[in-house]
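Numbering (full-length UniProt numbering), first residue to last: 1 to 261. Ideal Cβ positions, reconstructed from N, Cα and C, are used throughout, including at glycine. Quick caveat: nothing in here was measured; it's all calculated off a predicted structure. Take a look at the structure set out below.
Here's what the structure looks like:
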């Protein structure tokens, strides 16, 4: 009899090769021929959270869509565990372990919580019910259609649906959109547990800067299509003037992020 998949099993299965779990170098892209971002260099290690910050319209969501293979990069390279990805191939990106939680959650609203998870689950991945360890509030809603869930419950389900796909890289777009503050805090705490417990690299785009920095290990600010600031999240939380300058376009000070060396 096969034993249920545990969080430890997932972390073991996601043991990375030497080097960053996710890396992009010189990445440029946009919608169609118009460049929205350019010259983006980012690395995220297994078990780490990177907060991707910046003003509205900076290109953050477009960058996530490009990393997920839903938009074709104009130039540059993307690699997972050192293995390069073919640009603009969502199937290849997903096969490499990149999973996107979009800002609209993209749930099957007529299907129950259980059915949404079963549809998404990888053959060798965790069992749908194992997601209740991370999101126990979903148990009482197990057979309720996703469309009848609250906004917070829908976001929990969207994250759980991503996890049953055994992500090596989890991309989360606007986690807090439309949610009450207490729900947002619990979801950010879950993001931290997901990264450490499941061994995946997490990139989260978020407007709620304070909570994002609290949950993240590192942060980067994208403004006018370019990364203008990178550093440890705790360092930026302690020096909000640097963040303000990056948002307003003030020339950045040198970053201190060791992984960018």
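What is the residue span of the beta strand (DSSP E) that residue i lies within?
{"i": "residue 192", "result": "No beta strand (DSSP E) holds residue 192; the alpha helix (DSSP H) holding it covers 181–198."}
{"i": "residue 213", "result": "Counting along the chain, residue 213 falls outside any beta strand (DSSP E), though it belongs to the alpha helix (DSSP H) covering 209–215."}
{"i": "residue 38", "result": "34–44"}
{"i": "residue 202", "result": "201–205"}
Once DSSP output is grouped into helix, strand and coil, what is the label at residue i?
{"i": "residue 83", "result": "strand"}
{"i": "residue 14", "result": "No answer about residue 14 holds up, because its pLDDT of 48 lies below 50 and its placement is not dependable."}
{"i": "residue 28", "result": "strand"}
{"i": "residue 260", "result": "A caution first: residue 260 carries a pLDDT of 45, below 50, which makes its placement in the model too unreliable to give a value."}
{"i": "residue 241", "result": "helix"}
{"i": "residue 247", "result": "helix"}
{"i": "residue 6", "result": "With a pLDDT of 45 at residue 6, under the threshold of 50, the modelled position of this residue cannot be trusted, and the question is left open."}
{"i": "residue 149", "result": "coil"}
{"i": "residue 97", "result": "coil"}
{"i": "residue 161", "result": "helix"}
{"i": "residue 236", "result": "helix"}
{"i": "residue 175", "result": "coil"}
{"i": "residue 50", "result": "strand"}
Could you tell me the boundaries of the alpha helix (DSSP H) in which residue i lies?
{"i": "residue 134", "result": "From DSSP, residue 134 is part of no alpha helix (DSSP H); its letter is neither H nor E."}
{"i": "residue 65", "result": "60–67"}
{"i": "residue 120", "result": "113–120"}
For residue i, is the beta carbon positioned less than 7 Å from some heavy atom of the ligand GDP?
{"i": "residue 146", "result": "The ligand GDP is absent from the structure shown, which contains no ligands of any kind."}
In the DSSP output, which residue or residues are listed as bridge partners for residue i?
{"i": "residue 226", "result": "223"}
{"i": "residue 103", "result": "According to DSSP, residue 103 bridges with nothing at all."}
{"i": "residue 75", "result": "28"}
Quick check on this structure: which residue in the options has the alpha carbon closest to the alpha carbon of residue i?
{"i": "residue 147", "options": "58, 66 and 106", "result": "106"}
{"i": "residue 161", "options": "214, 247, 141 and 100", "result": "100"}
{"i": "residue 116", "options": "104, 144, 212 and 207", "result": "144"}
{"i": "residue 180", "options": "113, 154 and 199", "result": "154"}
Quiz prompt | Any 3 or more C-beta pairs closer than 8 Å across the stretch 230–244 and the stretch 66–78 | solution = The stretch 230–244 is not in contact with the stretch 66–78.
Exercise. Take every Cβ of the stretch 45–52, pair it with every Cβ of the stretch 192–205, and state whether three or more of those distances are shorter than 8 Å.
Key: Note that the stretch 45–52 touches the stretch 192–205; at least 3 beta-carbon pairs, one per stretch, sit closer than 8 Å.
Practice problem: Count the C-beta pairs between the stretch 169–187 and the stretch 50–70 that are closer than 8 Å, then say yes if the count reaches three, no if not. | Solution: With the cut-off at 8 Å, the stretch 169–187 and the stretch 50–70 touch.
Quiz item: If we count Cβ pairs, one from each stretch, closer than 8 Å, do we get three or more for the stretch 218–225 versus the stretch 24–39?
Solution: Yes, since at least three Cβ pairs between the stretch 218–225 and the stretch 24–39 fall closer than 8 Å, the two stretches touch.
Exercise. May I ask you to verify whether the stretch 130–139 touches the stretch 82–97, counting CB pairs closer than 8 Å and requiring at least 3?
Key: Using a C-beta cut-off of 8 Å, the stretch 130–139 makes no contact with the stretch 82–97, since fewer than three inter-stretch Cβ pairs fall below that distance.
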